[in-house]
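The sequence shown maps to residues 6 to 281 in our numbering.
Structure record follows, encoded as structure tokens.
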Amino acid sequence: MQNRIKQIQSLAAPLRIGLFIFVLLLIWLPVAIPIQVLLAGDQDLVTILTMGWLFVLFLILVRVTEKFLYQKSHPYQAVGLTINSRFGLDLLQGLIIGLILTFTLFLLQGSLGWLNWQDNALPFWQLILEGALTGIGVGIAEEALFRGWLLNELQRDYSLNIALWVNAIIFAIAHFIKPLDVILETFPEFPGLVLLGLVLVWARRKTQGQLGLAIGLHGGLVWAYYIINVGDLITYSDRASPIITGLDGNPISGIMGWLFLMGLAVWLQWEIKRSS
């Protein structure tokens, strides 16, 4: 048993990562496939059940690998997931920053005449509640995966800078698994995703390895965009190119969104240097 553990530890990062994902899918698929077949008429329920099951398995596998492969006495703390006041305050700060940043971006574009505000299509309380659940859920799941487990694995083999860039690029690629025509059509979104990935790694590094701020930032951005997008709160005018405002109204694929993320990146870098 010890020899096998040492063999896995000695594998290069890409092989360790690939093995982890292979085992995860091997356990997940026997449950996910029957759910897809039996509940084919309700894709929303299928998504909730299969993705929920996948995340539960991910957490179990993270616990096993951190505890037995890397001898971590606190497996979840090792990947940045803790339950304490510091984590909660970081999470709250991130949510507030993400919400303010996103709404400021759209308000600025509205003041420039690039978009028009309109009445919400759904009750506002519903948008706020659904947006919060979606944003925080996405934030926890994706940050635990990308800035938690994956970043740890990369940093075990590579320098901090290389791990930073590889993590951000993998994050962007993972969100770009689409048909080729859609990839080409929405390609400006890719550099925005890379930039967001960089920002979220820096958010973890600012908080000494905890994920509270990264989860909050990610969740706040998704929450605010959910309210605006699902609530159908805006329509774009023809006074600015979609390259500036974002293709299909997605700010992460436009120059304005990139500039706001760059501003967030500068602040995080300054905070990291100030605390070092």
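No residue lacks a Cβ here, since even glycine has one placed at the ideal position from N, Cα and C.
These numbers come from a predicted model, not from an experiment.
Under a Cβ-count criterion, where at least 16 other Cβ atoms within 10 Å of its own Cβ denotes burial, should residue i be classed as buried or exposed?
i: Glu148; result: buried
i: Gly57; result: exposed
i: Glu190; result: exposed
i: Ala17; result: exposed
i: Asn157; result: buried
i: Pro39; result: exposed
i: Trp263; result: buried
i: His79; result: exposed
i: Leu134; result: exposed
i: Gly268; result: exposed
i: Ala83; result: buried
i: Gly136; result: buried
i: Ile182; result: exposed
i: Thr52; result: exposed
i: Ile141; result: buried
Please look up how many angstroms separate the CB atoms of residue i and residue j, rounded, as I've assumed it's under 8 Å.
i: Ile249; j: Leu120; result: Ile249 to Leu120, Cβ: 11 Å. No contact.
i: Ala229; j: Thr107; result: 3 Å
i: Gln41; j: Thr55; result: 7 Å
i: Leu86; j: Leu29; result: Not a contact, Cβ separation roughly 17 Å.
i: Gly221; j: Leu100; result: 4 Å
i: Pro193; j: Leu117; result: About 20 Å separates the two Cβ atoms, so there is no contact after all.
i: Val227; j: Gly144; result: 7 Å
i: Ile13; j: Leu74; result: 6 Å
i: Thr103; j: Gly225; result: In the sequence under discussion, the amino acid at residue 103 is Gly, which differs from the Thr named in the question. The Cβ separation is near 2 Å, so the contact holds.
Can you tell me whether residue i is helix, strand or coil according to DSSP?
i: Ile182; result: coil
i: Trp119; result: coil
i: Tyr81; result: helix
i: Thr70; result: helix
i: Gly251; result: coil
i: Leu62; result: helix
i: Ser246; result: coil
i: Ala37; result: helix
i: Ile88; result: coil
i: Gln76; result: coil
i: Gly99; result: helix
i: Leu44; result: coil
i: Gly262; result: helix
i: Ser281; result: coil
i: Ala18; result: helix
Which residue from the options puts its Cα closest to that of residue i?
i: Gly197; options: Gly46, Val42, Phe265, Glu276; result: Phe265
i: Lys327; options: Phe27, Ala208, Asp237; result: Residue 327 lies beyond the range of the chain shown here (6 to 281); nothing can be said about it.
i: Pro256; options: Leu113, Gly93, Ile174; result: Leu113
i: Gly202; options: Ile178, Gly136, Phe111; result: Ile178
i: Asn234; options: Ile32, Gln48, Leu132, Phe25; result: Leu132
i: Leu127; options: Arg68, Arg9, Leu64, Ile232; result: Ile232
i: Lys72; options: Val206, Gly23, Ile10; result: Ile10
i: Gln274; options: Ser258, Ala245, Val206; result: Val206
i: Thr212; options: Ile13, Leu94, Ile174, Ile167; result: Leu94
i: Phe63; options: Ser242, Ser90, Leu44, Phe27; result: Phe27
i: Asp237; options: His180, Ala270, Asn125, Phe25; result: Asn125
i: Ser90; options: Gln215, Ser281, Leu185, Gly23; result: Gln215
i: Tyr241; options: Gln7, Val61, Trp122, Pro35; result: Trp122
i: Leu59; options: Phe25, Gly46, Ile88; result: Phe25
i: Leu200; options: Glu276, Ile260, Gln48, Val36; result: Ile260
In chain order, each alpha helix (DSSP H) run of at least 4 residues that lies wholly inside the segment 156-244: 156-162, 165-179, 185-190, 194-211, 217-235
List in chain order: all unbroken alpha helix (DSSP H) runs of 4+ residues lying wholly within the segment 102-151. 129-147
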